[in-house]
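Step one of this worksheet: look at the structure below.
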Amino acid sequence: MSHRSGPKSRFWPLGRGDGGVPVPLLVPAVLAVGFLVLPLVGLVVRAPWRELWPALASPGVGTALRLSLVSATAATAVSLVLGVPLAWVLARSRVRGRPLLRALVTVPLVLPPVVGGVALFLVLGRQGLVGQWLFETFGLTIPFTTTAVVIAETFVALPFLVISVEGALRAADARFEDAAATLGADRWTTFRRVTLPLVAPGVAAGAVLCWARALGEFGATITFAGNFPGTTQTMPLAVYLALQSDPEAAIALSLVLLAVSLATLVLLRGNWLGRAGVTP
Amino acid sequence: MSGRRAARRLVPAVLALALTGCGSGGAAPAADGAPTGTVTVFAAASLTGVFTELGDQLAAEYEGLAVQFTFAGSATLATQVLQGAPADVFASADPAQMDRVADAGLPQGSPGVFAGNVLEIAVPAGNPGDVGGLADLADPDRTIALCAPQVPCGAAAERLFAAAGLTAAPDTLEEDVRAALTKAQLGEVDAALVYATDIRAAGGDVEGIAVPGAADVVNEYPICALAAAPNPAGAAAFVDLVRSADGRQALAAAGFRTP
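Going line by line, the protein sequences match chains P and A. FYI, in the numbering used here the residues of the first sequence are 1241 to 1520. FYI, in the numbering used here the residues of the second sequence are -10 to 248.
This is how it looks when you write it as structure tokens:
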């Protein structure tokens, strides 16, 4: 879209102007694309195209897909509300123990999601630290509800957003904030009027990453939220269970999830992120 | 200085490791025809306890023989075997998954049923949901975990409810029997319908309630050695042990039904 004009490269035969890719970068990049895309090609090639429509038309698929999209979006919204402030604290504040805090935030990234699901039980389950009180006081149970799906997905996806936004904050020029401060803005105003617009592309990229991770979430969800059509059965769970009895149907379902997530990501990249200036 | 000394000591050790490593996968029987090397057994997750015990028994019987297990859901294992996983033995908790492997012509000989499992109700210790029988699992007010109908324990549960003329009221349909049991162990459900052997293996965390009619819905476990087994002698030895009197005794002690 926005084509920057620059001096023509005389060194890289493969491209012209800014589009040139040095060979030492091109070869690994092509390998990387192959590595990531070939398994998807395998899915497409092996897909039972004839059985695709019957598989897609079954009412369970629409329900699971809708639940997936709704819960991933809700998890992303919660992550934005909680994660952007946390990223600011990690990048800008002088709170003590930030290295420890940062390590704690990344724990869900290394924790096997199934363990994350058990951990959520131990806190929010009927017998959990907080869950028991909720149950006895309000008669409220969280596991096996759609809320549990959103909680499990947020637990797993939030760190992706926090790390992206923190990186963007660190890369942003803090002198704009200093200038705002010298002009009399308090830190909250500075955050809203200067910092946030400055790192908007980073926030958007983090949100997309967070949404994608939430959409594909399996382990924590099936452990903490269980699996029930219409309430807690998201697409990844439906795919996994289909795999147990009908691998062809599982491939068909995977393709649906793939198509929907790809379409969403391409659309966002083109319209939202592109305009925000992440992609030239 | 010390680095070089350490390296000098390390080289023979690494060499020895590499040599034994090369040898362990081999199928060559010892001079007297006894199986050696490593036997790789792919077995349904519910067999974890009893097969580990039988594996130790076999390794004690034959010097130079090691038994290595992969325990997972039968469908996952069947897929891996079909994709060419280097397994010697496949033991399934579901005849349908064994059929997938048999249809591809992979077993050595025809698979045989070596055990059966029946469903039982698992409740958290102390039975907080006051569950008395199968009818309580049809009560929407209780929190109930069943297996998903796509996996063997779920299919058996469906048949059990149908035979009893009840409509189950599950809150979650778990991906395998261990996941259903975990929900009961954590006290997050009032009851879960799992295998009798799982309740036995869980110890004191859960209590079992026998279900009348469960004996009519036996889940059968077939086993076979694989034709492409890297270690055919070891595979035959393991299958023989499972089907021997010793094997049946161990299975019965774990709560399985034996033929």
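Glycine included, each C-beta is placed from N, C-alpha and C at the ideal position.
Which residue or residues does DSSP assign as beta-bridge partners of A/Thr27?
-> A/Ala55
Can you tell me whether DSSP reads A/Ile110 as helix, strand or coil?
-> strand
Sufficient close CB pairs (3 or more, under 8 Å) joining the stretch 221 to 239 of chain A to the stretch 48 to 59 of chain A | yes
What's the gap between the Cα of A/Leu108 and the Cα of A/Ala173?
-> 15 Å
Assuming P/Gly1459 and P/Leu1401 make a contact with CB atoms under 8 Å, what is their CB distance in whole Å?
-> Rounded, the Cβ-Cβ distance is 19 Å, inconsistent with contact.
Taking all protein chains shown into account, decide if P/Pro1353 is buried (16 or more other Cβ within 10 angstroms of its Cβ) or exposed.
-> buried
Using the C-alpha atoms, what's the distance from A/Ala181 back to A/Ala32?
-> 23 Å
Endpoints, the alpha helix (DSSP H) within which P/Phe1213 is located | An answer regarding residue 1213 of chain P cannot be provided, because it is not within the stretch 1241 to 1520 covered by chain P.
Could you give the residue range of the alpha helix (DSSP H) that holds P/Ala1314?
-> 1299 to 1332
Which residue or residues does DSSP assign as beta-bridge partners of P/Ile1391?
-> Partner(s): none; P/Ile1391 has no beta bridge.
Under 7 Å between C-beta atoms, does A/Ala177 make it to chain P?
-> The sequence given here places Glu at residue 177 of chain A; Ala does not occur at that position. Output row for A/Glu177: interface = yes.
Using the Cα positions of P/Phe1395 and P/Pro1348, report the straight-line distance between them to the nearest angstrom.
-> 7 Å
Residues near P/Gln1372 by beta carbon distance below 7 Å, same chain, minus five either side = Arg1366
From the beta carbon of P/Gly1466, is the nearest beta carbon of chain A less than 7 Å away?
-> yes
Can you give the Cα-Cα distance for P/Ser1319 and P/Pro1399, rounded to whole angstroms?
-> 9 Å
Residue interval of the beta strand (DSSP E) (run including A/Gly197) = 195 to 199
Establish whether the CB of P/Gly1379 and some CB of chain A are separated by less than 7 Å.
-> no
Please check the pair A/Ala226 and A/Pro96, which I expect to be a contact at CB under 8 Å, by giving their CB distance rounded to whole angstroms.
-> Incorrect: roughly 16 Å between the Cβ atoms, too far for contact.
What three-state label does DSSP hand P/Val1204 in the structure shown?
-> Missing from the structure shown is residue 1204 of chain P; chain P here goes from 1241 to 1520 and no further.
Near P/Arg1309, which residues of its chain fall below 8 Å by C-beta distance, leaving aside the five closest residues on each side in sequence?
-> Checking the displayed sequence, the identity of residue 1309 of chain P turns out to be Leu instead of Arg. Leu1455, Val1500.
Could you name the residues of the same chain whose beta carbon sits closer than 8 Å to that of A/Ala93, not counting the 5 residues immediately before and after it, in chain order?
-> Leu71
Interface residues of chain A around P/Pro1487 at Cβ under 8 Å?
-> Thr68
Hey, could you find the ends of the alpha helix (DSSP H) A/Glu50 is sitting in?
-> 37 to 50
Residues of the stretch 136 to 152 of chain A with a CB closer than 7 Å to any CB of chain P: list them in chain order, please.
-> Ala137, Gln139, Val140
Do we get a CB-CB distance below 7 Å when we pair P/Pro1279 with the residues of chain A?
-> no
Beta-carbon neighbours of A/Leu230, restricted to chain P and to distances below 7 Å | Simply none; closest approach about 29 Å.
Between the stretch 1436 to 1462 of chain P and chain A, which residues of the former have CB atoms less than 7 Å from a CB of the latter, in chain order?
-> Ile1462
Neighbour list for P/Leu1483 in chain A, Cβ cutoff strictly below 9 Å = Ala64, Thr65, Thr68, Gln139
When the Cα atoms are used, what is the spatial distance from A/Ala104 to A/Leu170?
-> 21 Å
Pull up the CB-CB distance for P/Ala1465 and P/Val1389, whole angstroms please, since I reckon it's below 8 Å.
-> 4 Å
Per-residue contacts from P/Gly1365 into chain A (C-beta, under 8 Å) | Leu175, Gly176, Glu177
Report, in whole angstroms, the separation of the C-beta atoms of P/Val1301 and P/Leu1493, which I expect to be a contact under 8 Å.
-> 7 Å
Check each candidate in A/Gln69, A/Gly101, A/Ala91, A/Thr25 and name the one with the smallest Cα separation from P/Pro1487.
-> A/Gln69
Which stretch, first to last residue, makes up the beta strand (DSSP E) that contains A/Leu162?
-> 161 to 163
Does DSSP put P/Met1241 in a helix, in a strand, or in coil?
-> Unreliable placement is indicated for P/Met1241, whose pLDDT of 41 sits below 50; no coordinate value is reported for it.
For P/Pro1339, does the three-state DSSP call read helix, strand or coil?
-> helix
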